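Read the structure below first, then the notes.
2 protein chains.
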Amino acid sequence: MSEPQSLDILQELLAIPSVTGDEEAIAAYVERFCREFLPAGQVIRSGNAIIALQPSLNPAATETIVLAGHTDTVISPNNFTGKIHEGRLYGLGSSDMKAGDAVMMEIIRAYGRQWAGAYHLVHVLYDAEEGPYEENGLGPVLEEHGHLFRQALLAICPEPTDNLVQVGCLGTIHATVTFKGVRAHSARPWLGDNAIYQSTGYLNALAQLQPVDHTFGQLLYREVMHATTTTTNNTKNTIPDTFAININYRFAPGKSIEQACREIEELAFAHGAASVDFTDLSPAGDVNLENPALQKLIAISGQPPQSKQAWTDVARFSLFGLDAVNFGPGQGSMAHKENEYVEIAMVREYERMLLEFLGERG
Amino acid sequence: MSEPQSLDILQELLAIPSVTGDEEAIAAYVERFCREFLPAGQVIRSGNAIIALQPSLNPAATETIVLAGHTDTVISPNNFTGKIHEGRLYGLGSSDMKAGDAVMMEIIRAYGRQWAGAYHLVHVLYDAEEGPYEENGLGPVLEEHGHLFRQALLAICPEPTDNLVQVGCLGTIHATVTFKGVRAHSARPWLGDNAIYQSTGYLNALAQLQPVDHTFGQLLYREVMHATTTTTNNTKNTIPDTFAININYRFAPGKSIEQACREIEELAFAHGAASVDFTDLSPAGDVNLENPALQKLIAISGQPPQSKQAWTDVARFSLFGLDAVNFGPGQGSMAHKENEYVEIAMVREYERMLLEFLGERG
């Protein structure tokens, strides 16, 4: 075993800009990297996603673990890209989540075709996670190549979790709830019917909603439904005939998208909405505390697991039928922040824990 | 006296595009036209507005009448510019209000320095009436050259009124009423405070407002206050800390802008608004039924006067201290419409009535 090179790999990844929608260069780099250390048949390119199969030589290894990291970033200024200062390595995407990607790639580099851990590994390094649900690069990977790991024991997404294991996640739906009126010139409003005013009963009902707590063991998930943006389709001299409210509903693991949609519709139609249109439908991620691999990972992390209130691709794996968790070396508080960095000691610790979990102490 | 040439002049005006903000060419045409028939010292160019003084040779004439027409138009398609069909002359701005402008210019052409009517005339042909209050070309004219007609008996704006006399007009104010909350991620709304929900009491109060009728003689003006547009300054994954509502208040003649502003503030602050910012302040136009020149004009029009529910530059003259009315040959229903036209017979009739009023039967 050579010295771990995760940081060198991370430096390479940080040097390649990869804002969502512009991942061609980083995908080419990752593909070339994987092909250097794995046989050609074990590296698959799918759009700007790369799937790298690293089976174990260990005859006791029967189960598969998926490691799935996105390579894209959200645009944000960083004045110190590649710089190390006080134990922190700076760069856009360092915490979210190129540090996790780098550890995955270091496992590919260090062990290559000699991997002999407790599990077969499937690495997925994919694009467009930070964009809309429908454009996420993990979607086509699951659709076209999911058969390669459908029976996997667990998928680990190295989202920035400060080296904690985050289990499950809320689903999220955006819906446009529209109230209708009759258009008129604002000098003659009695000829019209103001659509904004139709909505007050609904807004009051939303305002009175309290978070609905769902617990799984010690884990708490809070269901919340809120109006976030509003639109009228008129000039300021016109009584609007349309008032459209964007509703964001975050719903707990265990609830289906269909059920969540019904709940949005019921509240809206009970208060006079004319229509409800769903614009984003992302499922909840299941909480699978009984999964033995997950129990082992939690034990190795040395900390109680956490619930995930925001949405992540863990939910996409859930929908696919695979247990998944977030577990990564980045800091959650650094995600999408100016001058993002990652703590180098956290990356080292993550690498150690991940290899221990995978049955290989390096 | 030669044959009236109003229609020829109108054709010339229709052939010169003059959408608001692009009145250089039409101003040059009008200036050249006026200089052809009036002494140099009686034609003043002020930006893209032209003031043409046409004093009367009649020794009995002591009073002044202002004729003030805007030359700009609101952009709208017209497939028949300059065409005459079934007694209608087509063109953008034909009704609103180049037909009125053409009659003014015909008086300048036909009588020139030989005008001997009952009044001295001041013609104002100005730009940017269809844009924001602050950019209206009549503003600088009143400010810089208003001394030329400050004592005038009446100002007539030939806005399209179907040859009826329209008296006074409502004032109009736009205000941004803002409700404040605390921003948060929409997955953790309990850390925030949704600004939209703060507004429901106010929206309900607005919804319950009824038009407040103000009558002057037989003339009815209806005060109305309505929310017309809304804005949040967030993404759809954010609980908004700001909800801004555009309020349009149309207030009756006799009420000051200051009083109208106070009424907006009182209702908003009584229902928890954080701030009220005024974005457009246009005064009401006074109703001056006792003005003898106005009485004479109404008699000549042969129809009862009408109130004006929408705002016009009559209000600007009011604020300047001059009685003013709308009286023009265009059709109100044609204003800002596709394939706008003017009825030629209406223009002829208008010309006859206006000259009778001015004490000159042509």
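Line by line, the protein sequences give chains C and X. Read in order, the letters of the first sequence correspond to residues 1 to 362 in the working numbering. Read in order, the letters of the second sequence correspond to residues 363 to 724 in the working numbering. We treat Cβ as the ideally placed atom computed from N, Cα and C, and that holds for glycine. Predicted model, so just to flag it, every value in this text is computed and none were measured.
Which same chain residues end up closer than 6 Å to residue i when comparing Cβ atoms and leaving out the 5 residues on each side of it in sequence?
i, result
"S561(X)", "F541 and F605"
"G362(C)", "Note on G362(C): pLDDT 39, under 50, position unreliable in the model; the coordinate value appears next. L355, listed in sequence order."
"E521(X)", "M459, T674, N688 and G690"
"Y197(C)", "none"
"G177(C)", "Checking the sequence shown, residue 177(C) turns out to be Val, not Gly. Only I245, I247, A268, A273 and V276 meet the Cβ criterion."
"P379(X)", "none"
"P417(X)", "H482"
"A68(C)", "V124, A155 and C157"
"A25(C)", "I16"
"S307(C)", "L219, L220 and Y221"
"K445(X)", "Y452"
"T424(X)", "none"
"L138(C)", "Y126, D313 and R316"
Looking at residue i and the ligand ATP, is the gap between the Cβ and the nearest heavy atom below 7 Å?
i, result
"Y583(X)", "With respect to the ligand ATP, the structure shown offers nothing to examine, as it has no ligands at all."
Hey, residue i and residue j are a contact pair by Cβ (cut 8 Å); roughly how many whole angstroms apart?
i, j, result
"A324(C)", "A52(C)", "The pair is not a contact, with the Cβ atoms about 18 Å apart (cut-off 8 Å)."
"T641(X)", "A537(X)", "7 Å"
"N237(C)", "H185(C)", "7 Å"
"M696(X)", "E702(X)", "5 Å"
"T591(X)", "P240(C)", "7 Å"
"P77(C)", "E338(C)", "5 Å"
"A677(X)", "A655(X)", "So it is not a contact: roughly 19 Å between Cβ atoms."
"V342(C)", "G330(C)", "5 Å"
"L571(X)", "R475(X)", "The pair is not a contact, with the Cβ atoms about 55 Å apart (cut-off 8 Å)."
"T73(C)", "V19(C)", "6 Å"
Are the beta-carbon atoms belonging to residue i and residue j less than 8 Å from one another?
i, j, result
"V122(C)", "A152(C)", "yes"
"Y481(X)", "L684(X)", "no"
"Y495(X)", "S680(X)", "no"
"L14(C)", "T81(C)", "yes"
"L57(C)", "A110(C)", "no"
"R612(X)", "T523(X)", "no"
"G91(C)", "I344(C)", "no"
"L164(C)", "Q309(C)", "no"
"V141(C)", "A27(C)", "no"
"V66(C)", "F149(C)", "yes"
"E338(X)", "T433(X)", "Coverage of chain X is limited to positions 363 through 724, which leaves residue 338(X) absent and any answer about it impossible."
Leaving out five residues on either side along the sequence, give the residues of the same chain with a beta carbon under 7 Å from the beta carbon of residue i.
i, result
"V649(X)", "V529, G530, F578, L581 and P615"
"D575(X)", "L582 and R584"
"C34(C)", "V43, I50, A52 and I108"
"G41(C)", "none"
"Q373(X)", "G444"
Please return the same chain residues whose Cβ sits closer than 8 Å to the Cβ of residue i, not counting the five positions on each side in sequence.
i, result
"E106(C)", "P4, Q5, S6, I9 and E351"
"E363(C)", "With chain C running from 1 to 362 in the structure shown, residue 363(C) is simply not present."
"N291(C)", "L153, L154 and D323"
"E135(C)", "A128"
"Y202(C)", "V177, F179, I245, L267, A268, H271, G272 and A273"
"G146(C)", "F320"
"L289(C)", "V167, F216, G217, L219, Q295 and P305"
"M104(C)", "L67, G69, H123, L125 and P158"
"R183(C)", "G192, N234, T238, I239, P240 and D241"
query = Does the region 263–272 of chain C touch the region 116–131 of chain C, meaning 3 or more C-beta pairs lie closer than 8 Å?
reply = no
query = When the Cβ atoms of the region 454–465 of chain X are set against those of the region 397–410 of chain X, are three or more pairs found closer than 8 Å?
reply = no
query = Do the region 537–555 of chain X and the region 657–671 of chain X make contact, defined as three or more Cβ pairs closer than 8 Å?
reply = no
query = Mind pulling the beta strand (DSSP E) runs of 3 or more residues that sit fully within the region 590–628 of chain X?
reply = 604–613
Sequence ranges, alpha helix (DSSP H) only - wholly within the region 432–507 of chain X, length at least 4 = 461–473 and 500–507
query = Which parts of the region 635–678 of chain X are runs of the alpha helix (DSSP H), unbroken and 4 residues or longer, counting only runs that do not cross its ends?
reply = 654–663
task = Name, going along the chain, the residues of the region 160–187 of chain C whose beta-carbon falls closer than 8 Å to a beta-carbon of chain A.
result = Here the protein chains are C and X, and chain A is not one of them.
Uninterrupted beta strand (DSSP E) stretches inside the region 374–439 of chain X (no shorter than 3 residues) = 405–408, 411–416 and 426–432
task = List in chain order: all unbroken alpha helix (DSSP H) runs of 4+ residues lying wholly within the region 500–544 of chain X.
result = 500–507
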